[in-house]
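Protein chains in written order, with the numbering used here: chain R, 8 to 793; chain B, 554 to 903.
Each residue gets a CB set at the ideal place from its N, CA and C atoms; glycine is no exception.
Bear in mind that the values here come from a model prediction, so they are computed numbers and not experimental data.
Report on the structure given below.
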Amino acid sequence: MFLSMNWISDYVDFSGLDKLDLIHRFSLSTAEVENEIFMKGQDLSGVVAAEIKSVEAHPESEKLHLLKVDIGEAELVDVVCGAPNVRVGMQTAFAKVGAQIGDITIAPRKLAGYTSYGMCCSEKEIGISDDNSGIMEITDNLPNGTDLKDAYAIDDIVFEVDNKSLTNRPDLWGHYGIAREFAALANRPLKPMETADLHAYDTLPKVDLKIEDPLCLRYSCLQVENIHTAVSPVNMRIRLYYCGMRAINFLADLTNYLMLEMGQPMHAFDSRKVEKIRVKRFPVPFTFQTLDGADRNIDENTLMICNDNTPVAIAGIMGGLDSEIVEDTTTLTLESATFDAASVRKSTVRLAHRTDASQRYEKCLDPEMTVPAIARFVKLLTDTDKGARVVSALTDAYARRYEAVTLQFDRAFIDRYTGISIDTDTIVKTLLSLGFGVTEQNGEFTVKVPSWRATKDVTMKADIVEEITRIYGYDNFAVHTATAPLYPVRTAQEKTVEDKMKDILVKRFALHEVHSYIWAYYDEYKALGIPVEENIKLINATNPNIETIRKSIIPTQLCQVRSNIGFAPDFGIFEIARTVDGVDASNLCREYKKLAITLYSKIKTTESLYFELASMLANLAGDIKHQTLRFETTEPTHVYEHPRNLNTVLCGDTVLGIIGTVHPTVSKKIDKKASVVFAEIDVRAFSALANDGIHYSEPSRFPEMEIDLSFVSDTYAPIGKAIAAANCDWIRKTTVVDTYRDVAGKSITTRLTFANPERTLTREEVMQVVDGIIADLAKDGITLKQ
Amino acid sequence: MKQKLEEIRARAREELGSVSELSELENFRVRVLGKKGELTGILKSMGGLSAEERPKMGQLANEVRQNIEKMLADKIEELKAREVQREIESMPVFDISVPMDTAQGSYHPITLVQRQCEAVFKSMGFAVEEYSEIVTDYECFEALNIPKDHPARDMQDTYYLENGQLLKSHTSAAQNAIYKKYRDALVNEGKPIKAIFPGRCFRNEATDACHENTFFQMEGVMVDKNISISNLIYFMKTMLSEVFQKDIQVRLRPGFFPFVEPGFELDISCLICGGEGCASCKHSGWLELCPCGMIHPEVLKAGGIDPEEYTGFAFGLGLTRLAMMKYGVKDIRDLNSGSLKALSQFTEDE
Numbered sequence: 008m009f010l011s012m013n014w015i016s017d018y019v020d021f022s023g024l025d026k027l028d029l030i031h032r033f034s035l036s037t038a039e040v041e042n043e044i045f046m047k048g049q050d051l052s053g054v055v056a057a058e059i060k061s062v063e064a065h066p067e068s069e070k071l072h073l074l075k076v077d078i079g080e081a082e083l084v085d086v087v088c089g090a091p092n093v094r095v096g097m098q099t100a101f102a103k104v105g106a107q108i109g110d111i112t113i114a115p116r117k118l119a120g121y122t123s124y125g126m127c128c129s130e131k132e133i134g135i136s137d138d139n140s141g142i143m144e145i146t147d148n149l150p151n152g153t154d155l156k157d158a159y160a161i162d163d164i165v166f167e168v169d170n171k172s173l174t175n176r177p178d179l180w181g182h183y184g185i186a187r188e189f190a191a192l193a194n195r196p197l198k199p200m201e202t203a204d205l206h207a208y209d210t211l212p213k214v215d216l217k218i219e220d221p222l223c224l225r226y227s228c229l230q231v232e233n234i235h236t237a238v239s240p241v242n243m244r245i246r247l248y249y250c251g252m253r254a255i256n257f258l259a260d261l262t263n264y265l266m267l268e269m270g271q272p273m274h275a276f277d278s279r280k281v282e283k284i285r286v287k288r289f290p291v292p293f294t295f296q297t298l299d300g301a302d303r304n305i306d307e308n309t310l311m312i313c314n315d316n317t318p319v320a321i322a323g324i325m326g327g328l329d330s331e332i333v334e335d336t337t338t339l340t341l342e343s344a345t346f347d348a349a350s351v352r353k354s355t356v357r358l359a360h361r362t363d364a365s366q367r368y369e370k371c372l373d374p375e376m377t378v379p380a381i382a383r384f385v386k387l388l389t390d391t392d393k394g395a396r397v398v399s400a401l402t403d404a405y406a407r408r409y410e411a412v413t414l415q416f417d418r419a420f421i422d423r424y425t426g427i428s429i430d431t432d433t434i435v436k437t438l439l440s441l442g443f444g445v446t447e448q449n450g451e452f453t454v455k456v457p458s459w460r461a462t463k464d465v466t467m468k469a470d471i472v473e474e475i476t477r478i479y480g481y482d483n484f485a486v487h488t489a490t491a492p493l494y495p496v497r498t499a500q501e502k503t504v505e506d507k508m509k510d511i512l513v514k515r516f517a518l519h520e521v522h523s524y525i526w527a528y529y530d531e532y533k534a535l536g537i538p539v540e541e542n543i544k545l546i547n548a549t550n551p552n553i554e555t556i557r558k559s560i561i562p563t564q565l566c567q568v569r570s571n572i573g574f575a576p577d578f579g580i581f582e583i584a585r586t587v588d589g590v591d592a593s594n595l596c597r598e599y600k601k602l603a604i605t606l607y608s609k610i611k612t613t614e615s616l617y618f619e620l621a622s623m624l625a626n627l628a629g630d631i632k633h634q635t636l637r638f639e640t641t642e643p644t645h646v647y648e649h650p651r652n653l654n655t656v657l658c659g660d661t662v663l664g665i666i667g668t669v670h671p672t673v674s675k676k677i678d679k680k681a682s683v684v685f686a687e688i689d690v691r692a693f694s695a696l697a698n699d700g701i702h703y704s705e706p707s708r709f710p711e712m713e714i715d716l717s718f719v720s721d722t723y724a725p726i727g728k729a730i731a732a733a734n735c736d737w738i739r740k741t742t743v744v745d746t747y748r749d750v751a752g753k754s755i756t757t758r759l760t761f762a763n764p765e766r767t768l769t770r771e772e773v774m775q776v777v778d779g780i781i782a783d784l785a786k787d788g789i790t791l792k793q
Numbered sequence: 554m555k556q557k558l559e560e561i562r563a564r565a566r567e568e569l570g571s572v573s574e575l576s577e578l579e580n581f582r583v584r585v586l587g588k589k590g591e592l593t594g595i596l597k598s599m600g601g602l603s604a605e606e607r608p609k610m611g612q613l614a615n616e617v618r619q620n621i622e623k624m625l626a627d628k629i630e631e632l633k634a635r636e637v638q639r640e641i642e643s644m645p646v647f648d649i650s651v652p653m654d655t656a657q658g659s660y661h662p663i664t665l666v667q668r669q670c671e672a673v674f675k676s677m678g679f680a681v682e683e684y685s686e687i688v689t690d691y692e693c694f695e696a697l698n699i700p701k702d703h704p705a706r707d708m709q710d711t712y713y714l715e716n717g718q719l720l721k722s723h724t725s726a727a728q729n730a731i732y733k734k735y736r737d738a739l740v741n742e743g744k745p746i747k748a749i750f751p752g753r754c755f756r757n758e759a760t761d762a763c764h765e766n767t768f769f770q771m772e773g774v775m776v777d778k779n780i781s782i783s784n785l786i787y788f789m790k791t792m793l794s795e796v797f798q799k800d801i802q803v804r805l806r807p808g809f810f811p812f813v814e815p816g817f818e819l820d821i822s823c824l825i826c827g828g829e830g831c832a833s834c835k836h837s838g839w840l841e842l843c844p845c846g847m848i849h850p851e852v853l854k855a856g857g858i859d860p861e862e863y864t865g866f867a868f869g870l871g872l873t874r875l876a877m878m879k880y881g882v883k884d885i886r887d888l889n890s891g892s893l894k895a896l897s898q899f900t901e902d903e
């Protein structure tokens, strides 16, 4: 919203004060002011009122005219002008030689053979409207030579306030409310608004009016006739223009002016079309044509203004085309009303049509404003158009009132909330300046909230704290720390585990952490031939491509690997993120936190990459939890999983996740010549694992003995099982040192390291254990390699 | 005989002079000094000498032997030294000037910034909390004094799910659970609530270089008996100065957020110009950084805390924005792109 300092100055005397500084303080105390402040009129000088004394056609140009212009000096001035609306006797805006218009300095200039000593200007050229259709027509009969900046309020400081920062302040949607803030900040009185005395019309007939729906809080109206002014006074038009509105005609301008001044939207109907005003909703949807010519679908929730049963306006949003003021309108009915904010907001959203009026109604306007707005309207109307006549009594239906808000609190409350000491006088003065009623006795305050702040904005004591402190100024606060007893603070284990996982994967395994989205990207999945699995969906995704929440991070990660294949011949990525697997019995999403890792290599075999990944997982478990993982083969349940090498990752009996190789149909689409493996671990399940801790064992002072055994076996599993079954404390370490395949099949060389902390072991006793293991395996048909 | 001994000595000197391999020296030793060697042979023939000459010759022979042994030992030393030298010279000088392979893993920039913030808050006694990404309408709105039909719901374009839940649109959605979690310790044991909760948030909006539908925030709350606006300003200034590692000026402006009262927009002095005014702060000297305020009494109530007895402040830091400011990331979309060309640059920081 654009605001004019001139307009605000109607109500506050700023003499001796720096207006720019006040705007800055307004920004810090009330609402955010945009950085750019417009110094209107600053780049305009030397433009005067001038009368066109003669007009001659240019001998060679159809468009140009040769004028003689009276600029209030002894001699008439010769001017060449191309405007279509020049005529003798017309008074216009004239930029003299030496005048400044924006970046241009006016100098004598030759135009088609004739010299022009100055320039007749359009309103747009002097920056007071966007009308560039012809030169400005001045109808105020100014003495020729009058500087326009003396005659009209062209000089102004205009600033913009972000509408969002006014969401909670219905009172700030007009200049008068803004002026109240400035008055409080400048510590100057707020002048009352000049209004007409509406009681003068009490004896006139009332308008037939009835509110038939609780969504209308108040409806006030008045009938006026005999308005002959068509064009608004220049100063009014300048203010409207500076505040971002176009001048239309006097009547429309006046309702807009009122809205910008008081924040109260108004509407004028042709009285013939609103003989019986009824405010109500219709049970059956229908189409309604608004005055912008658009057909709008009205449903049973949309509040309408009606002439008996004929809708004439959408309440709080826009009038209808049929009841608009037209050429032959003689009497008009002026509406000044208050509607339910939520209802207007919803209708606005439903109709996808937000107007200056609805924007204000949404903020919970003060119903007390409807009548003063009419009184102000009548004042402005009759000041300008002496012939205008009020022809009805004020008709006012007040269906629903906001409750008066009175708050009580004491100094201690304010001191506690602020943490500083603001003296009682300052508190009282601040609240009074903002229109609050205040009584104070011995530090006990009773505050009556003014109606314009009581519609929802100020309802409790904490709101009062804001009023006091923002005017006091946050920059003036003494700041100090809080005092509270100290207690140790532990970070949630899950969070610590997550941090450790990231450190190990980044530092030890040089993986790269990536982020992605919580949903499945249909297009990306499609490129890899991975269908999006059925899962809970978003109902309002603007992009249908992202509708479904993902069950696993892996497909996303495969897509990410694919888009990174040019990065390096060998890399790994990981992410800790959420996944969802449908809903639980209470219809709430089953949300998981997963660690997903994908490794890619053009260099390594899939087998070695698979082992690398498995050992990463084992490392995580070993490092963070001092636990050992085991892997069990499992069947694929997703199209990207390879049926041969897919394992469940377990710790004890706890299932932690999955590790796998990629199905050939998918891996071919990633990279035909590279190996890709993936794993996904449930971080919460992992975090919940017991930490087995460090089990210290005294290093043996006696020599260790190493025995290498090569068994012919397709898998290590039975060998490991037999070694474990031997249950021998002397076996300190078991490693697989070699695997190879020949005609005899696959052999696995396992090295057993024996030690006893108390003595040197003999070969005989060690071999006894070894023989036991060999015998155990022989039962399963696994023999030593010959 | 004397002549023979001298000959042997002279020849030995000559031969040793020409030897260049250690392996040749053993032959020499056997041939000259060995049991069947030349010198021994001469000594054996000493029996034919007179008693007078024998000791003289014996002495000379010993002298010659010692001479030769010394020469041999010197030669061995020399050759060994030469061999070491040869070994040294055989090693090429490595070209250490080539660019080194610095391949290492990387953290996501959000992780880095989040950890820096967490460290600051932990050092000031704040607990770091975890929260879900899918929340209920109650958690995200109702409990935060944002009833249905409240215009504030328009400010945030929220992603709704089929089951009525939603993707949390702000980390404030965790506030209610945090209050409930720590309420008893506050009321019964007098332990102030001090917690931060970083998390991912979602807004249903079109993405461009400055807008993302998925981004990170970090919420912080502190509740105790006498928490004041003055405390809020103190904590924000102190913590932000730590986060940015420089003395930061803060200023508060009124800001409307339904879950705080009074609510503020917090600006910090521009990180680039320090407040003088430059292009990055649009010549205002200030950067709008985070919304904050005194926790709304209704919000405390919803968390089971009596607002007549307790007050508190809350703030919401935009971690994504912070990461972009800190590392000069211009396009927000790079963060969720998964592009390693961008992300692999974020190795350990600080």
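In chain R, which residues lie with their C-beta within 9 Å of the C-beta of residue 847 of chain B? 424, 469, 472, 473
Could you tell me which chain R residues have their CB closer than 9 Å to the CB of residue 579 of chain B, listed as they occur along the chain? Per Cβ cutoff of 9 Å: no residues; residue 579 of chain B is ~37 Å from chain R at best.
Secondary structure of residue 31 of chain R, DSSP reduced to three states: helix
Does the distance from the C-beta atom of residue 245 of chain R to that of residue 106 of chain R stay below 7 Å? no
Straight-line gap, residue 410 of chain R to residue 694 of chain R (C-alpha atoms, nearest Å): Going by the C-alpha atoms only, they are around 54 Å apart.
If contact means a Cβ-Cβ distance below 9 Å, which residues of the region 597 to 611 of chain R contact chain B? 598, 600
Neighbouring residues, chain R, relative to residue 881 of chain B (Cβ below 8 Å): Chain R residues near residue 881 of chain B: none, gap ~18 Å exceeds 8 Å.
Which residue marks the beginning of the alpha helix (DSSP H) containing residue 559 of chain B, and which one marks its end? 555 to 571
Chain B beta carbons: is any one of them nearer than 7 Å to that of residue 521 of chain R? yes
Note down, in chain order, every chain R residue with its Cβ under 9 Å from the Cβ of residue 892 of chain B. 521, 567, 570, 571, 574
For the alpha helix (DSSP H) containing residue 734 of chain B, name the first residue and the last one. 728 to 742
Just how far apart, CA to CA, sit residue 356 of chain R and residue 510 of chain R? 48 Å
Quick check on the DSSP output: the alpha helix (DSSP H) that includes residue 877 of chain B runs from which residue to which? Start and end: 872 to 880.
Which chain B residues are close to residue 482 of chain R, counting only those with a beta carbon under 9 Å from its beta carbon? 804, 805
Straight-line gap, residue 126 of chain R to residue 56 of chain R (C-alpha atoms, nearest Å): Cα-Cα distance, rounded: 12 Å.
Tell me the residue span of the beta strand (DSSP E) that contains residue 597 of chain R. Looking at the DSSP string, the run of the beta strand (DSSP E) that includes residue 597 of chain R is 596 to 608.
Continuous alpha helix (DSSP H) assignments of at least 4 residues falling wholly in the region 349 to 402 of chain R: Qualifying alpha helix (DSSP H) stretches, in chain order: 363 to 368, 377 to 391.
At what residue ranges does the region 76 to 127 of chain R contain a whole run of the beta strand (DSSP E), taking only runs of 3 or more? List check, beta strand (DSSP E) in window: 84 to 88, 98 to 108, 116 to 118, 121 to 123.
Using a Cβ cut-off of 7 Å (strictly closer), state whether residue 745 of chain B contacts chain R. yes
Taking the DSSP output, what are the residues bridged to residue 303 of chain R? R:295
Can you check the region 705 to 790 of chain R for any alpha helix (DSSP H) of at least 4 residues that lies completely inside it and give the ranges in chain order? 724 to 733, 770 to 786
Taking the alpha-carbon of residue 752 of chain B as reference, which of B:825, B:682, B:763 has the nearest alpha-carbon? B:682
C-beta atoms of residue 249 of chain R and residue 165 of chain R nearer than 7 Å: yes
Contact criterion: CB-CB distance below 7 Å. Does residue 186 of chain R meet it with respect to chain B? It does not; no Cβ of chain B falls within 7 Å.
Grab me the residues of residue 266 of chain R's own chain with a C-beta within less than 6 Å of its C-beta, minus the 5 sequence neighbours each way, in chain order. 272
Tell me whether residue 245 of chain R sits in a helix, a strand or coil according to DSSP, three-state version. If DSSP states are grouped into helix, strand and coil, residue 245 of chain R belongs with the helices.
Examine chain B for any beta-carbon lying closer than 7 Å to the beta-carbon of residue 494 of chain R, and answer yes or no. When Cβ-Cβ separations below 7 Å define contact, residue 494 of chain R makes contact with chain B.
Just checking, does the region 641 to 653 of chain B make contact with the region 498 to 513 of chain R on the three C-beta pairs under 8 Å criterion? no
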